[in-house]
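In the numbering used here, the protein residues as written are 18 to 211.
In this text, a Cβ means the ideal position worked out from N, Cα and C, and glycines have one as well.
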Amino acid sequence: MTKRTTSWPMVVPPGTKTVGTARVRDDAPMPYAQKKLAEKFGTPPAHSFDEIADGDDARPALTPAYRRDAVPSLRMAKPKNGPKYRNTKCEHDGIKFDSLKERSHWFDLVQRQVRGEIRDLQLQVAFELTPRKQRDDGKWERASRYVADFVYVDVATGKRVIEDVKSPATRKSPTYVQKRKQMLAVHDITIKEI
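This is the structure we're talking about:
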């Protein structure tokens with residue numbers, strides 16, 4: 018490695034064309050983006066790279082109190098991921114619904130109950146599919162359950178109806194398919210998908 022013979026900051030006399038193997042440019046062209054910004058706003062850039070390198074920059078140095086990670090309001094917020102199935106959770110009269118479609122169907126069922134077509138309308142009814150059991154090693158397995166969106170009795174037939182609001186994507190969910198099959202096997206109930 019060669020030792021530098023010049024001291025820093027290096028001063029180049031005006032009119033010098035080369036320093037060692039480097040070419041000296043007096044009028045460096047403005048980069049395209051800076052040129053377009055200067056044309057749009059009518060102002061040249063506030064400083065050039067040489068001013069910053071020489072320490073002549075007018076901007077104050079950031080103190081620890083102004084660091085981005087020290088001030089919560091200056092931190093970049095992580096973008097919030099949307100729901101997996103693109104549903105919009107909502108609420109009506111203190112009742113929380115997982116989707117707008119579910120809320121709309123609730124309104125339809127309430128109207129049907131007022132007309133006398135159905136009775137005993139219930140929301141979010143849990144059905145136990147497998148009970149809690151203790152394994153051979155002494156640990157407990159949790160009970161599995163299925164929570165139906167709507168349960169009511171159809172007045173015309175007298176049968177209990179279990180309805181679940183599903184989109185085409187959620188109907189294919191392996192977890193839901195397994196629970197639907199268990200409801201049929203354990204409780205002999207067919208889930209009506211809306």
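Asked	Found
Rounded separation between THR38 and ALA50 - CA only	29 Å
Closest Cα partner of LEU146 within the set ARG152, ALA160, GLY133, LYS106	ALA160
Option nearest ARG120 by Cα separation, candidates VAL182, TYR163, THR207, VAL28	VAL182
First and last residue of the uninterrupted alpha helix (DSSP H) at TYR49	49-58
Three-way DSSP call (helix, strand, coil) for ALA186 in this model	helix
Spatial neighbours of SER184 in its chain, beta-carbon cut-off 7 Å, leaving aside the 5 residues before and after	TYR102
Beta-carbon gap between GLU180 and GLU134 smaller than 9 Å	no
Proximity of LEU126 and PHE167 at Cβ, strictly below 9 Å	yes
Sequence-distant residues of the same chain with beta carbon closer than 7 Å to HIS109, five excluded per side	ARG120
Start and end residues, alpha helix (DSSP H) containing HIS122	117-132
Segment limits, alpha helix (DSSP H) that includes VAL142	VAL142 -> not in any alpha helix (DSSP H); beta strand (DSSP E) instead, spanning 135-147.
N-terminal and C-terminal residue of the alpha helix (DSSP H) that TYR193 is part of	191-199
Reduced DSSP category for VAL203 - H, G, I as helix; E, B as strand; rest coil	helix
Straight-line Cα distance separating ALA165 from GLN141	5 Å
Nearest candidate by alpha-carbon position, reference ARG40, set VAL29, GLN195, GLN128	VAL29
PHE58 classed as buried or exposed, judged by whether at least 16 other C-beta atoms fall within 10 angstroms	exposed
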